[in-house]
Each structure stands twice: as C-alpha cells, then as structure tokens.
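First comes the structure, then the notes that go with it.
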Amino acid sequence: MAEVPLPTPTDNPVPSTDIRDAVYAGAMLDKVVTSTELTYTDRLGGEHYTVDGMKAEGDKVVEETRQNLIPLSRQYMTLAEAQADIANIPAGSATYVRSTDGSSLADEYINNAGTLQPTGRKMPSQAAIQAVLDYISSLIATDDADSPLLTLNDEAGFRLAAFGLNAIQSNAMTAEYDEFIDGFVFRDSVGFVIQQIGTPLLSSVDSVQPVVEQQRLVTEAFSAESDADISGFVFRDSVGFVLMNLNGEQSDQNNDGIDDISRRNAANLAVAAAIRDEINTRIARPVYDYNILITDGQSLSNGVEGWAAMSKDIRPALNINMLGDSVRPKNENGSTFTPLNGAEIRPARAVVQDLIAPPDGGNLMTDEAVAALPRGANNFGETVDIGAMWMWREMQLQFRGLATDERKIVAVNCGVGGQIIERLSKGHSWGFYNRIISAVTQIKAIADAEGKTCGVVGFLYLGNEYNYDSTKGGATDRAEYRALLRKLIDDVITDTTAITGQTEPPLTVLYQTSGSWTRDSTNMSIGEAQLDICAADANVMMASPAYAVTDKGGHLDANGYRWLGMQFGKVLHRAIDRRQNWRPLQPLSVTLSGTFLRADFLVWSPPLQFRSCYVGSSPTTYAAKGFRVTDDAGDVPVTRVDIVADTVVDITLGRETTGDVYLWYASQTGSNGNGNLFDSDTTVAVANYEFHEGTGQYPESNIPELVNRPYPLNNPCVAFRRQAIAI
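Under the numbering used here, the first residue of the sequence shown is numbered 21, with each subsequent residue one higher.
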C-alpha cells in the first residue's frame, strides 16, 4: 500500500479540526510509541520526549541518585579504599572514611577533580556524643521536689541557672510560664517584666524522650547540634532560639573580626549588669546610735606622710566622729587604743600628730609646726577613713533625702606602720590586733552609759606592702597570705560583733596593694590574693588599687589619702546603702591568637578609657598603658594597645609567642605597679583637690588640672597576672 506523505503542519490554534493537523498528530503519536528516537517535534515546533526518551531520562536520574547515595550510604575503612572507588564518587560530592586516630567516627572527604581531599568536618562518634552528655551532666544537679528540677552550675559549684517544669531562672533574669498568655514572661532580677512571648519554650520536661543522632541531640525542650561555623555544639530551645554555645578547640573562627568583639562586649556588659543587679542583704546596716568604722593595716592605713592635713573643717550635718581628738590613738604602737586627750566621741577631722617618743608623743601639731616639717618626715596626717566618711555620709543623706542623721558614724584607726600581716594578726606577741578590741570596747562602754546602741558596720583594711618584701619575714606566697588575711578578717568580725552583740557582720573593704610596692618575683601574689578573697566572699569588696592617686614616693600625700578615701566612701555607699555587690575594674578573660591578645573586662561604668595615673605628683601615661606580656622565652614586646569596645582591649605583640603566655597589668617590671586603664564612672567627689602654699605641701603638688576640682573617681583597673588561652 502506498505511504501517505506527512502533511505540512499548520499554525491553527489548539485544538484544531483540520484533517491535516489530525493526520500529523497521528503520525507523531506513532513516533512517540514506536520510534527509537528520544524526542519528537509537534506541529507548533515544541520538542517532547518519546517513550524511549522518557525511559532514558529516568535511567539518567536513577544513575545520578545512585551515584549520590553511594558516598552518603557507604563508609570506607581507609582513604586508599575510597580513592580506589573514586569512579563511584561524583566530582564535588563528599564521602566518609573511618577515623584512624579515634577522635571521631569518620572524617569527611570531597572529590576534587578525581582526588579525595579532607573537608575538616567530622562525624562524631558515640564516645564524642557521650562526652558532651557527660559534660552537660557534670553541670546539672537535681534537687528535691520543692526545688527546680535541674540546676546549671559552674565548675566551682555556684548556680548559673535553674530549670523547672515551667520556669528558667538565672541571676539576671527569670523566664516563667504564664497560662494566661500561653507562653513565657521574662522578668529582670527585681521582677519587672522585660518581654512576653506567647509560645511556650519549655514545659512538661518530665515527658522529654531524648533522641541521639549522628551530629545532634534532640529533645522536646531543646536540641544540641553540631555547628561547623563555631566548631562545636549549639544548644537551641524548642522553637529554635539559641540558648548557648559549646565551642570546640578548632581555630577556624574569625576571632579578629567585629563579630567576635561585639559578642564578647555584649557578654561582658551582661556580666556587669547582672552583678550590679545583685542585692546583698547579709551585711550590717548603719542602724545603730554609734556606727563604728574600723581601719587597720600598715602605714597607708594610718596616714604616714599625710601632712599637711586637708579635711580640717568640721561638718556638723554629717555627724561623723572619732574617739578622742584623732581617728588614731595617741600611741603609735602598743596593744591598746589610747584616745588622744580622752575617751570621748568628738566630731571627726584630719589632724597631724608629732613623732615624739612615747609616752609623750602623738600630740596634735600646730599648722606652723607642720609647715616647718622637712621633706620625707613620717608624721601622721590625713587618713583614708576621714575622706571615706565624708563621701559615704554625703551620698547616704542625698540617697535618703535627709539633711542630717542623728545616728553617728565613729571612725577608729588602729593601723601600725611597717608591719607584715603576721604581726597585725590575732595572737601575735606584740599585740597590735588588740588595738581593735580596745577601741570597740571603749565605744561600747560609752554607748552603754548613754543607753544607746552600737555596732561595727565597716572594716577598712589597707596593707600589706611589707609582705611583698621577702626580707621582712612575712608570707609572700599567694595562698599563704590569702589564708592569713582571711583569718584576720574572720577574727575581727567574730571578736567585734561579740563585743557589740550585733547579729549582722560588718562589710570589709580592702584596697589593693600596688604601685611601687608591687613585686613581680612573687607573680604579684599579695594583690592577687586580695582579689581572691573579694571574689570568694560577697561581704568583702575591693575599693580600688592605690596607684592612681598622688603620692610622696611610696606613702600617699594628703590629697592622695583623701582622694583614695573618696573611692572607699563611694563603695561604702553602694554596698551598705544601696546593697550592691560592688566589683572593681578587673579582667574576665584573655585570649591569644598569633601575635594578638584580646582581653575582656568587668566594667562597672563603661566604657573603658585610658587616663593618666599619678607617679608622685606627675601625671603619667605608659606606652603600653601598664600592660606587659611574658612567655617561656621572657618578655614579649607590646607594640600597640587599643580599646576596641566598651569592655574589650586588644594588645598587639612584636613577635610570636612560645609556651605559656601571661598578660600582666600594673606590674613592677612593666610600669612600676601603675597603669592607665580606667572606667568612665562619673560620680562626683564631695571634696576638691587642694593646694595651699606655705602649709607644708610640696610645690610639685600644685597640679593645675586638679587644683580646686573634685577628685576624679573613675575606677582604675586592678593589678593582675592572667594566663592567655590560645584560640
């Protein structure tokens, strides 16, 4: 039968009833079914698959899928075995090879132009997952039925957060389920609502059934998932918000970038905010008729070289007092407190006392006699406790909205110059400790005779410079000195509260021994031990290191004592009146990356700033701002120091480091115990820096930028030595 020619396609719209289009369509249908060609063209020019074409495309998809599944479903025992099977691993695809060192279950490799290369990613083993679970378990403690189900603690056992059926609580914030909004209410530490979220984040914890997969741990309440971006695990809540990160040790993060600075700065600010929000209810309140302020220590406690006295005027509205005619006793040494000119409570003022040998010495000096004293004379003058009382009571009255207060503050200064802590402690044969007992006992007798109450509300301790000097016979070891200072504080609290009958312990306020007394040979042990005690006991606070203020070369001058006293008074107000958990400017952590150190700081009043400190009467700024870096090879040159955020300092080094790396601040070698890092506290001192020619003040203490202006109360950074952690 003769074959009918295939008609020429028309451009008729679809559907078409033209017989030519019907014949053409029938021919194409035959081609779809019986042709071995893979495609055909319709009458309008469109290309389509035939049956064989569709089969070929399906086979292609199956093969590609098979090729992709092979590396995912198959795990090679060795890299050589995987390389030999490279034909089954498509270019650009990844496969896994069993780990040879046991650090993971398998390591990921990618086919790069026919060669398998490691990607750095690892498939965690059951041991790795168990390690994470064990780490979490080590931080979690279960409590009784009336307590949170779980508590998250730090390595020292202090609670960081608590988890209940319907609440999460930390020091700074509480998140509690509220059935009325079917979600969570976030409150700050004093109960004010911060935010409400109408989606439950955590409930029915007791019904959670954990599921462990290759790279993640999943529960109904949270998930822990491996994250290559941070080389560790990310913990998320049930709706995906990040709870916390646990970073691994791989250093593929961009720790030099703005993101790292921002993260660290935000974390540092949060730490400071949480501390500022803490309320300390465990210290004595100034509610007695006679509120006793004890000062002890060595020569910087009792005002050696503090002439000419500055705070000579009496301020009746403050109602601040002393026992006798001086805060100090008449006797420079000895085991009793002998009030100057009688055991009476008198208005407090700064005085200068002579150095005539006992029993005739310790008397008041006239202004003319003070002006005639030779340079370097060790006469007692202005003291820290006078300035502290001025500042504290002024801030207290302003805070309470009062013009005056009938309750007296009474200062007794029991310090003895040139003594190691062992000689100032209870039980030493020289009996200096008993000066404290003697003073408090006399005030108690006065109060009892008047039918009034008394209590010790503050213990100010300023020492021990001589414990830095190994030739003086005292403890120079950090732990040994710390134990001695701890015992001295405990003895003072126990013995004085037994005399007064009070139930609340007094606040203890230290300064940090610093400046030219610092010794690097002991790794700044005394200053570090003082920090240790403050960190361990909320009732012990550090007002400030002593290096920032003016001095006479070891001892402070009169302005320096009063300036430091203003810092003590500021802390007394914050801690006693406002019940705040005061902390000085100090480091939180130090990291090392190549020739680059980054230090995080606890900053009470951000931002950080560089300021001059005073060496003698000279404003001084150091090239490295007081920082020093050492490693196993010795000192590492510091080429640059920058404040890069409110709470973060970057330090650039002049060479690569080796071994253990330490960051020092206010060290003996680097800056003679001084430094230039301060915060931005804007508290205004209630007294001005003064210079009066002809009074005995040294001419160099006439400092134009300070005279007749309030003492700056920016908080200086404490002296420290911290090991840097390599990242």
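The C-beta atom is built at its ideal place from N, Cα and C for all residues, glycine as well.
Nearest to V560 by C-alpha distance, out of T56, T520 and R502, is R502. Cβ-Cβ separation between F616 and D670: approximately 7 Å, consistent with a contact (criterion under 8 Å). I745 carries a strand assignment under DSSP once its states are collapsed to helix, strand and coil. In the three-state reduction of the DSSP assignment, A368 falls in the coil class, being assigned neither a helical nor a strand state. Inclusion of S355 and V371 in the CB contact set at 8 Å is not warranted, their separation being larger than that value.
Contact between G381 and D374 holds: their C-beta atoms lie close to 6 Å from each other, under 8 Å. When rounded, the separation of the alpha-carbon atoms in N543 and S490 is 13 Å. Boundaries of the beta strand (DSSP E) harbouring N433: K428 to N433, taken from the DSSP string. Between the segment 607-615 and the segment 699-706, the count of C-beta pairs closer than 8 Å stays below three; the two stretches do not touch. When C-alpha distances from D510 are compared across A495, A499 and D557, the shortest belongs to D557.
For the segment 286-328, the full-length beta strand (DSSP E) segments reaching 3 residues or more read 310-317 along the chain.
Unbroken beta strand (DSSP E) runs of no fewer than 3 residues, entirely contained in the segment 542-593, are found at 560-565, following chain order. For F616, the uninterrupted beta strand (DSSP E) run begins and ends at F616 to L622, by DSSP. Under the DSSP assignment, M48 falls outside any beta strand (DSSP E), being part of the alpha helix (DSSP H) whose first and last residues are I39 to T54. By the Cβ rule, the segment 387-401 does not count as touching the segment 476-488, because fewer than three pairs are nearer than 8 Å.
DSSP places D670 inside the beta strand (DSSP E), whose first and last residues are V668 to L673. DSSP, read as helix, strand or coil, puts E500 in helix. Here R284 is buried. Its C-beta has 16 or more other C-beta atoms within 10 Å. Collapsing the DSSP output to three states places Y116 in a strand.
Contact between the segment 560-571 and the segment 334-342 is absent: fewer than 3 CB-CB pairs across the two stretches fall below 8 Å. With a beta-carbon spacing of about 6 Å, A102 and T115 fall inside the 8 Å limit used to define contacts. Within the DSSP bridge table, the entry for C633 names T640 as partners.
Residue state for S458 is assigned as helix, using DSSP reduced to three classes. Burial check for M97: the Cβ neighbour count within 10 Å stays below 16, so the residue is exposed. Looking at the backbone, the Cα of R118 and that of Q137 are separated by about 14 Å. Looking only at E500, H68, F711 and L49, the smallest Cα-Cα distance to L58 is reached by H68.
Assignment of E402 by DSSP, reduced to helix, strand and coil, places it in the coil class. Annotation: the segment 332-398 contains the following complete segments of the alpha helix (DSSP H) (minimum length 4 residues), in chain order: 387-391. Assigned with DSSP and collapsed to three states, P526 falls in coil, not helix or strand.
One alpha carbon belongs to A293, the other to V668, and they sit about 16 Å apart. DSSP, read as helix, strand or coil, puts E720 in helix. When only Cα atoms are considered, V460 and I281 end up about 51 Å apart.
Rounded to the nearest angstrom, the gap between the Cα atoms of E548 and K350 is 34 Å. In summary, T650 is buried, with 16 or more beta-carbon neighbours lying within 10 Å of its beta-carbon over all protein chains present. With a cutoff of 8 Å on beta-carbon distance, A467 and D309 are scored as near each other. In the DSSP assignment, A104 falls within the unbroken alpha helix (DSSP H) covering L99 to A104.
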